[in-house]
């Protein structure tokens, strides 16, 4: 949520509310009205500070301490309060009336620098960061190093705009370790628009989940020796509110970054197992996010759903090659667990990353799906052809089956057959379709 209004009462509430709450000695109690009142007071205090200084070169920043939980765990909450008070006192001792501080939550400070000279304002800002970096507990028995992020607005047209910009800059520090400082600029504004769009797309996807508007599409994988369908890859689709079917693919990176990919992986597992249960002659492949490889709940659910070996033996779980860059022992455990249930495991998009043959050997995958970047130009590109040929020799030597993705032409298919590929997948054979080709007059086909 971003502050996109100039209304002072709304901004006042958001300044405090958007940061993690917690006891503040300046607030009598912790209800929403007192929080809003405190935020209003903070704005008034800063506004009065600027007026008193009669300054027009103002910098406003929000400092958020990242390792406060570690400090509380190490020395207790009372120590952390004393530390915060010590920081405030040392700042006023050092900067006197050049800076004004407001505590806006248990782990955040709002500060304002008011100067008439722009260079002086920047110099003070640099001194603030230097002071924070070197600040530590005076108690040698309780050493402290502060890790903090800071979002800063420089020379904004209003106090409300400055707070908005400082928060947006602070948001850019998210998920970065150690000391990170961003000054608001147009690039951050553009990123915020992107984040805003992602948030809307995430909400759209969540609504589709709640309204049961997700279903599977299927693309056949062809046996290069017989020309027959070996199995199908299951691909997630969204039925829009206008009853159109769109790919869920563009939503997946957003789901991963916004941490609801586990919902999707659970849902796809349910849908695929349901298809396998009702269609005993069908084998299906499904994709799983790299993040779910560490998710013990997903594995637990898989164990419960795949107790029937007749179902498990017809399921292929695809993990991307980039997942192998995670802790290899965890990936190996994930693969071994699925194989113990009777499933096959495929490494998808192989060649897009930097996996070594040694890593590949350790994982014990059943299939390798060769990334389309090496398939699209294999007819004319010697390097692509050499890579595929080398990989096929390695895979076959270890008993690993191979699948070529993005087979778009007959010429590509012929080249791959000559190289002794096991299976092929691509629009040359069939695009992904939104119905079950193995069911005559499938209801989904009628809907399409």
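Numbering (the UniProt record's numbering), first residue to last: 1 to 448.
C-beta atoms are modelled at their ideal positions from N, C-alpha and C, and glycine is treated no differently.
(1) What does the Cβ neighbour count give for residue 397, buried or exposed, with the cut at 16 atoms within 10 Å?
(2) Of the choices 192, 279, 148, 201, whose alpha-carbon is the least far from that of residue 164?
(3) Apart from the five residues just before and just after residue 281, which ones in its own chain have a Cβ nearer than 8 Å to its Cβ?
(4) With respect to the alpha helix (DSSP H) encompassing residue 207, which residues constitute its N-terminal and C-terminal limits?
(5) In chain order, what residues of the same chain have a beta carbon less than 7 Å from the beta carbon of residue 323, not counting five sequence neighbours either side?
(6) Per DSSP, which residues does residue 218 bridge with? Please list them.
(7) Which residue marks the beginning of the beta strand (DSSP E) containing residue 182, and which one marks its end?
(8) Are the region 87 to 106 and the region 148 to 165 touching by the rule of at least three beta carbon pairs closer than 8 Å?
(9) Mark residue 274 as exposed unless 16 or more other C-beta atoms lie within 10 angstroms of its C-beta, in which case mark it buried.
(10) Whose C-beta lies closer than 6 Å to the C-beta of residue 338 among residues of the same chain, with five residues either side of it excluded?
(11) Alpha carbon to alpha carbon, how far is residue 130 from residue 98?
(12) Looking at the secondary structure, which residues open and close the alpha helix (DSSP H) in which residue 252 lies?
(13) Is it true that the CB of residue 404 sits closer than 9 Å to the CB of residue 370?
(14) Can you tell which of 226, 260, 44, 161 has the C-alpha that lies nearest to the C-alpha of residue 207?
(15) Give me the Cβ distance between residue 65 and residue 146, rounded to the nearest whole Å; I'm assuming they're in contact under 8 Å.
(16) Thinking C-alpha only, which one of 194, 235, 276, 309 is nearest residue 433?
(17) Compare the C-alpha of residue 271 against each of 262, 286, 413 and name the closest.
(18) If we count Cβ pairs, one from each stretch, closer than 8 Å, do we get three or more for the region 377 to 394 versus the region 406 to 418?
(19) What would DSSP say about residue 290, mapped onto helix, strand or coil?
(20) Count the other CB atoms, across all protein chains shown, that sit within 10 Å of the CB of residue 76; report buried if there are 16 or more and exposed otherwise.
(21) Which ranges does the alpha helix (DSSP H) cover as unbroken runs of at least 4 residues, wholly within the region 328 to 412, from first to last along the chain?
(22) In angstroms, rounded to a whole number, what distance separates the CA positions of residue 41 and residue 153?
On the basis of the supplied data:
(1) By the beta-carbon neighbour count (other beta carbons within 10 angstroms, threshold 16), residue 397 is exposed.
(2) 192
(3) 438
(4) Run containing residue 207: 186 to 210, per the alpha helix (DSSP H) assignment.
(5) 290, 293, 331
(6) 234, 433
(7) Looking at the DSSP string, the run of the beta strand (DSSP E) that includes residue 182 is 180 to 183.
(8) With the rule of 3 Cβ pairs closer than 8 Å, the region 87 to 106 does not count as touching the region 148 to 165.
(9) Burial call: exposed.
(10) 317, 345
(11) Their backbone Cα atoms lie some 15 Å apart in a straight line.
(12) DSSP places residue 252 in the uninterrupted alpha helix (DSSP H) bounded by 252 to 257.
(13) yes
(14) 260
(15) So it is a contact: roughly 6 Å between Cβ atoms.
(16) 235
(17) 286
(18) These segments touch.
(19) helix
(20) exposed
(21) Taken in chain order, the unbroken stretches of alpha helix (DSSP H) that lie wholly in the region 328 to 412 and span 4 residues or more are 328 to 341, 357 to 363, 382 to 397.
(22) 20 Å
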